[in-house]
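Novice: In this note's numbering, the protein residues as written are 1 to 473. Here a beta-carbon is modelled for each residue, glycine too, at the ideal position from N, C-alpha and C. The structure displayed is predicted, hence computed values, not measured ones.
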Ligand code: ADP
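1) With 16 as the cutoff for other CB atoms within 10 Å, does residue 182 come out buried or exposed?
2) Cβ of residue 369 within 9 Å of Cβ of residue 293?
3) Tell me which residue opens and which closes the alpha helix (DSSP H) that residue 252 is part of.
4) Report the residue from 452, 110, 315 and 47 whose alpha carbon sits nearest the alpha carbon of residue 197.
5) Check whether the stretch 448-462 and the stretch 20-37 touch, using three or more Cβ-Cβ pairs below 8 Å as the test.
6) Leaving out the 5 sequence neighbours to the left and right, which residues in its chain are closer than 8 Å to residue 140 when beta-carbon positions are compared?
7) Can you tell me which of the three DSSP states residue 186 falls into?
8) Could you check if residue 172 is buried or exposed, using at least 16 other CB atoms within 10 Å of its CB as the buried criterion?
9) Going by CA-CA distance only, name the one from 211, 398 and 414 that's closest to residue 446.
10) At the level of alpha carbons, what is the spacing between residue 239 and residue 355?
11) How many angstroms separate the CA atom of residue 276 from the CA atom of residue 67?
12) For the beta strand (DSSP E) holding residue 2, just list the boundary residues, first then last.
13) Taking the alpha carbon of residue 266 as the point to measure from, which residue in 13, 453, 27 and 75 has its own alpha carbon closest?
14) In its own chain, which residues sit with a C-beta less than 7 Å from the C-beta of residue 350, not counting the 5 before and 5 after it?
15) Please name the residue or residues paired with residue 193 in a DSSP beta bridge.
16) For the ligand ADP, any of its heavy atoms closer than 8 Å to the Cβ of residue 339?
17) Does residue 367 pass the burial test, meaning 16 or more other C-beta atoms within 10 Å, or should it be called exposed?
18) Using the Cα positions of residue 227 and residue 233, report the straight-line distance between them to the nearest angstrom.
19) May I ask which residues mark the beginning and end of the beta strand (DSSP E) holding residue 131?
20) Using DSSP with H/G/I as helix, E/B as strand and the rest coil, what is residue 71?
21) Verify the contact flag: residue 15, CB atom, against every heavy atom of the ligand ADP, threshold strictly below 8 Å.
22) Can the beta-carbon of residue 42 be found less than 9 Å from the beta-carbon of residue 84?
23) Taking 7 Å as the limit between beta carbons, can you name the residues of its chain near residue 403, skipping five residues before and five after?
24) From the DSSP secondary-structure annotation, give me the bridge partner or partners of residue 84.
25) Is residue 286 close to the ligand ADP? I mean its beta-carbon at under 8 Å from any heavy atom of the ligand.
26) Would you mind sorting residue 178 into buried or exposed? The rule is 16 or more other CB atoms within 10 Å of its CB.
27) Check whether the Cβ atoms of residue 38 and residue 57 sit closer than 9 Å, and answer yes or no.
28) Could you check what DSSP says for residue 10 in three-state terms: helix, strand or coil?
29) Taking DSSP's pairing of strands, which residues face residue 393 in a bridge?
30) Considering residue 54, what are the terminal residues of the beta strand (DSSP E) in which it resides?
31) If we ignore side chains and look at the alpha-carbon of each, how far apart do residue 420 and residue 235 end up?
32) Does the ligand ADP have even one heavy atom less than 8 Å from the beta-carbon of residue 2?
33) Mind reading off the beta-carbon distance from residue 290 to residue 322? Whole number of angstroms is fine, and I expect it under 8 Å.
34) Can you tell me whether DSSP reads residue 263 as helix, strand or coil?
35) Comparing alpha-carbon positions, which option in 17, 210 and 59 lies nearest residue 381?
36) Can the beta-carbon of residue 164 be found less than 9 Å from the beta-carbon of residue 27?
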């Protein structure tokens, strides 16, 4: 089959979170299964663009309201990522260093989607499926179905939409509707949710199939989806959850070049010790105490606002018997607080405020526990990386965390789970972690070995997506 993935992120070209990891891996595994998987994304000005060779494959022009714009599509020449990678450039809109965070993000992603539809419309043949990811590409299922210019050629191509995060919906005021390519006005309801153009809602309505990145997340969306819960209930017949996999070629403690010492299941104790020594050395922490780390966006969704209080309470209540390390960026106030705390808890806590792919690898390898108190977690990749690196996940019982981590109190359990995103639950779990580390070496060692053998690779999930595409033909 020929699949075209449309997304705002794709690792290693541009990544802000899990979406990038998934779009960088899923097409690779689909190609390995014998399919033609392609990715098209905006041409941001990231390092990857300048370090690789490209060929021009298409130039075109389109209108966005009264604005005429030209776009070009380039293709990476060497199949470096294991699939065909296409970048769309719209000068003045997509030629930026960052992925998101600009005042004109609405215009940027709208222009991107229009350009993608126009380009697909010019293909000699048709792909078997258009697979869109998150709200930045959420208007494409509508455009190919209801925009006059595209529907003749594209409306019979199946569209699949994957919800990686339903908190962000890409809302566009109706006053901007003139920017969309002319569409059948009888179909305005397919764009609308509560008097706003809602790209995420539109995709859920218009796509032939909707997937979420875990089963539990799909169930939760029917109760709480930032206003779209009724829609997810209504569309449940065409929706299903498919758990993300992890790219085991990138995330492998045996070959990872970003960590201090490679190790496998047999050498996990020694290997992790070396990585921990490197990490605690860098951050002035104690290598003999359990090291509990957090990696992620510093936002309410990840319950990162609880970290300052939970970490200080844990240090006091557990008499400094654990060390803490935070890697993250996000809300500026929280960044400041987590940065300031370093001085107060010198030797017990440290942080790196910013984004560092290589440090994240060292933290997965060198930490004993990885804390994820998330309020919302559609799938979560961090806990799967932690498992693969022999780091015990301490997670809230929600979304993909619920589907991938069991509690050590249960039969063959290998993690620490708690119910509430609260300081109390985190502090209590820290106590359990310290107890496991200090008093239960046999259980701890068994857990490490066991979790490193759990298979969260993409192989089965990539096939599940293929099965869905086939069901639509
Ligand atoms: P989300 O997409 O909601 O942010 P996921 O768990 O799906 O969460 O994916 C997070 C990904 O981003 C992981 O690969 C994690 O290691 C990475 N990550 C998050 N914050 C940082 C950071 N500050 N530095 C390096 N990697 C980060």
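Specialist: Taking the coordinates as given:
1) exposed
2) yes
3) Note, residue 252: premise wrong, no alpha helix (DSSP H); not H, not E.
4) 110
5) yes
6) 6, 113, 116, 117, 130, 132, 159 and 203
7) helix
8) buried
9) 414
10) 34 Å
11) 55 Å
12) 2-6
13) 453
14) 283, 284, 285, 325 and 342
15) 196
16) no
17) buried
18) 12 Å
19) 129-133
20) strand
21) yes
22) no
23) 214, 215, 216 and 243
24) 38
25) no
26) exposed
27) no
28) strand
29) 370
30) 54-64
31) 29 Å
32) no
33) 5 Å
34) coil
35) 17
36) no
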